[in-house]
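For reference, the structure discussed in these notes is given below.
Number of protein chains: 2
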Amino acid sequence: MEHSHHHGDAELSQNQQLVMDVLDRSTGAMSAYMILDELRDSGFRAPLQVYRALEKLIAIGRVHRLESLNAFIACSHLSCEKIGVTAFVICDRCEHVQEVCDDSVSQFLADLAKKTKFQASKSSIELHGLCNACEAG
Amino acid sequence: MEHSHHHGDAELSQNQQLVMDVLDRSTGAMSAYMILDELRDSGFRAPLQVYRALEKLIAIGRVHRLESLNAFIACSHLSCEKIGVTAFVICDRCEHVQEVCDDSVSQFLADLAKKTKFQASKSSIELHGLCNACEAG
DNA sequence: CAAATTGCGTAATGTTATAACGTATGATAA
DNA sequence: TTATCATACGTTATAACATTACGCAATTTG
């Protein structure tokens, strides 16, 4: 065990690492097919290679799926899988994504689940609009 | 102006009304292609006929899009367009969808926007898991 | 009337995601 | 060692979701 800088720090296969690297380098979210195109030179030929890697990366908390964009983004936190819930704030102009996972988010979701007598297993909170910089510009 | 029971109560075209009727009859969310299949007998031939009607119905607040399902559902409220924000609580077993739009939801989103210095224009809050009945069963 | 708006129909295409095969490899237990 | 299990892989095909682009018809509005 050499470098321990993230999450469960599971060992990644080559394909998983390649997909992770692409997302780490990206400034914003990427669709599976954008990732595929980036990895053609590395030998990727089919969507499934991307989707299978993403499935694992999402499972271990290193990647998030943005439902409203059908896109994927590297987790910007060290341990959001411990908190488990994240809200995404997505600028529709510059495409920057802020990842918020604090108590207010988990508290809101807990309250919502309680109020609706619901056993929640997954959540998706996504806000669209303009970030501070783009609104001003 | 005859019956006034919903939202802005805009006049609907025939296609829009047909799509609205299908969604009103449905117990849960429906994909655009499920709606299309329901309307073959009424003369629908192409996805665009559905998507165009949905666009209008969503704009006037009578239908919501569920991003995490790529599906659509009739609004269960009389005036949620006035509040503008809704949280969806989706049972993955029975597929029932609860629509929550109270102050806690709008307050949470307002706080989130303020905290991230964000000008929000659209939101999507979707909770997946098991409803009370299915959890018990 | 002219122009603008809204809705419609159709064909083609683009985009996102999964099913269904079979194969290879490494761990582990008999 | 051999059997078996789990995980990952590669490929082809297909399913599922959504939009572009074209032209036409009806209605509203200046």
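Chain order of the listed sequences is A and B.
The numbering used here puts the first residue of the first sequence at -19, with every later residue one more than the last.
The numbering used here puts the first residue of the second sequence at -19, with every later residue one more than the last.
Backbone N, C-alpha and C define an ideal beta-carbon position, used for all residues, glycine too.
C-beta contact flag for residue i and residue j at 7 Å
i                      : j                      : result
residue 54 of chain B  : residue 10 of chain B  : no
residue 81 of chain B  : residue 111 of chain B : no
residue 108 of chain A : residue 102 of chain B : yes
residue 68 of chain A  : residue 77 of chain A  : yes
residue 19 of chain B  : residue 49 of chain B  : no
Distance between beta carbons of residue j and residue i, contact taken as under 8 Å
i                      : j                     : result
residue 6 of chain A   : residue 47 of chain A : Contact doesn't hold; Cβ gap of about 18 Å is too wide.
residue -10 of chain B : residue 40 of chain B : 5 Å
residue 12 of chain A  : residue 37 of chain A : At roughly 12 Å, the Cβ-Cβ gap does not stay under 8 Å, so residue 12 of chain A and residue 37 of chain A are not in contact.
CA-to-CA distance, residue j to residue i, given in whole angstroms
i                      : j                     : result
residue 3 of chain B   : residue 8 of chain A  : 35 Å
residue 27 of chain B  : residue 29 of chain A : 30 Å
residue 106 of chain A : residue 85 of chain A : 12 Å
residue 74 of chain A  : residue 32 of chain B : 28 Å
residue -4 of chain B  : residue 66 of chain B : 22 Å
residue 56 of chain A  : residue 79 of chain A : 7 Å
residue 92 of chain B  : residue 25 of chain A : 40 Å
residue -17 of chain A : residue 90 of chain B : For residue -17 of chain A, the predicted structure reports a pLDDT of 31, less than 50, and the residue's modelled location is therefore unreliable. A value from the coordinates is still provided. Going by the C-alpha atoms only, they are around 40 Å apart.
residue 118 of chain B : residue 17 of chain A : Missing from the structure shown is residue 118 of chain B; chain B here goes from -19 to 117 and no further.
residue 21 of chain B  : residue -6 of chain B : 14 Å
residue 100 of chain A : residue 45 of chain B : 20 Å
residue 14 of chain A  : residue 0 of chain A  : 13 Å
residue 58 of chain A  : residue 58 of chain B : 43 Å
residue 83 of chain A  : residue 83 of chain B : 18 Å
Chain A residues whose Cβ lies nearer than 7 Å to that of residue i
i                     : result
residue 91 of chain B : 84
residue 67 of chain B : 92
Within chain A, partners of residue i - CB distance below 9 Å
i                      : result
residue 102 of chain B : 48, 72, 106, 107, 108, 109
Residue of the options minimising C-alpha distance to residue i
i                      : options                 : result
residue 42 of chain B  : B:-8, B:116, B:97, B:78 : B:-8
residue 114 of chain B : A:21, A:113, A:97       : A:97
Chain B contact residues for residue i, given Cβ-Cβ distances below 9 Å
i                      : result
residue 52 of chain A  : Neighbours of residue 52 of chain A on chain B: none; closest Cβ ~14 Å, over 9 Å.
residue 112 of chain A : 96, 97, 98, 99
Chain A contact residues for residue i, given Cβ-Cβ distances below 8 Å
i                     : result
residue 78 of chain B : 96, 98
Chain B residues whose Cβ lies nearer than 7 Å to that of residue i
i                      : result
residue 115 of chain A : 99
residue 24 of chain A  : Here the premise fails: no neighbours, minimum Cβ distance about 25 Å.
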